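Following this note's numbering, the numbering of the sequence shown begins with 109 at its first residue and continues without gaps.
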Amino acid sequence: MTSVKQVQVTFDCAEPVRVGRFWCEALGYVPPTPTEEFATWEDYEDTLPPEQRGSWFACSDPTGAGPRLYFQRVPEGKVVKNRLHLDVRVVTGLVGAERLAVLEAESARLTALGASRVRLMLADEENESCLVMQDVEGNEFCLD
C-alpha cells in the first residue's frame with residue numbers, strides 16, 4: 109500500500125486569481141514562480157489564449173509545511189455551505205480574553221483583505237472560541 113506524501117486543497121471558484129491572492133495574503137503563501145522566460149505571473153498569463161487567462165491559480169507554503177492550494181474556475185456559483193473548510197490556526201494554545209483578542213485582530217486583518225465575518229462561536233465545555241468567516245467568494249473558513 110502506498111502512503112500519501114502531499115495533499116493539495118482545490119477550490120472551485122469564479123475568479124481563481126482573486127481568491128488565490130486573498131489566500132496568499134491570509135496565509136503567507138506564495139504564488140508559483142514563473143519560468144525563466146517570464147518576469148511575472150502576469151507576463152505568463154498574457155501569453156495564454158483569452159479564454160484561459162485567469163482560469164487557475166496556485167500558491168504554496170514557502171516553508172513547505174502546509175498543503176499547496178489550487179484555485180480553478182468553474183461555471184457554476186457557490187450555492188450552499190461548504191462541505192469542507194479550512195481552519196486557519198492563529199490562536200493555538202491561547203484561551204479566554206487573550207484568544208478572543210487575537211481572533212479579533214486577525215479577523216480585522218482578513219476583513220481588510222476582502223473577507224467577511226460570519227459569527228463568533230464562544231468557548232463552551234468542549235471547544236475553545238473560534239470565528240467563522242468567508243473568503244472573497246464566500247467560501248467559509250474558521251479562525252481557530
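Think of the CB as a built atom: it goes at the ideal place given N, C-alpha and C, for glycine as much as any other residue. Note that the structure is predicted; figures quoted are calculated from it, not measured.
Exercise. Does DSSP put Tyr137 in a helix, a strand or coil?
Worked result: Counting from 1 along the sequence shown, the entry for residue 137 is found at position 29. In the structure shown, Tyr137 sits in coil (DSSP, three-state: anything other than H, G, I, E or B).
Exercise. Quick one: what does DSSP say Gln242 is sitting in, helix, strand or coil?
Worked result: One-based indexing of the sequence shown puts residue 242 at position 134. DSSP, read as helix, strand or coil, puts Gln242 in strand.
Exercise. Thinking just about the alpha-carbon of each residue, which of Gly185, Arg217 and Ser168 is nearest to the one in Leu177?
Worked result: Looking up residue 177 in the sequence shown gives position 69. With distances taken between Cα atoms, Leu177 lies closest to Ser168.
Exercise. Within this structure, are the beta carbons of Gln180 and Thr118 separated by less than 8 Å?
Worked result: Counted from its first residue, the sequence shown places residue 180 at position 72. Counted from its first residue, the sequence shown places residue 118 at position 10. Contact flag set, yes.
Exercise. Where are the beta strand (DSSP E) runs, 3 residues long or more, that stay fully inside the segment 115-165, in chain order?
Worked result: The segment 115-165 contains these whole beta strand (DSSP E) runs: 116-121.
Problem set entry | Residues near Gln242 in its chain [Cβ-Cβ closer than 7 Å; skip 5 each side] | In the sequence shown, residue 242 corresponds to position 134, counting from 1. Excluding sequence neighbours, Gln242 sits near Ala223, Ser224, Val226 and Glu248.
For this session: Identify, in the order they occur along the chain, each residue of the same chain with its Cβ nearer than 6 Å to the Cβ of Lys186, setting aside the five sequence neighbours on each side.
Result: Mapped onto the sequence shown, residue 186 falls at position 78. Only Gly246 meet the Cβ criterion.
Problem set entry | Cα-Cα separation, Ser111 to Asp252 | Looking up residue 111 in the sequence shown gives position 3. Looking up residue 252 in the sequence shown gives position 144. Those two C-alpha atoms are separated by around 28 Å.
Exercise. Nearest-angstrom Cα distance between Ala209 and Cys250?
Worked result: Translated into the one-based positions of the sequence shown, residue 209 becomes position 101. Translated into the one-based positions of the sequence shown, residue 250 becomes position 142. Ala209 and Cys250 have their C-alpha atoms roughly 15 Å apart.
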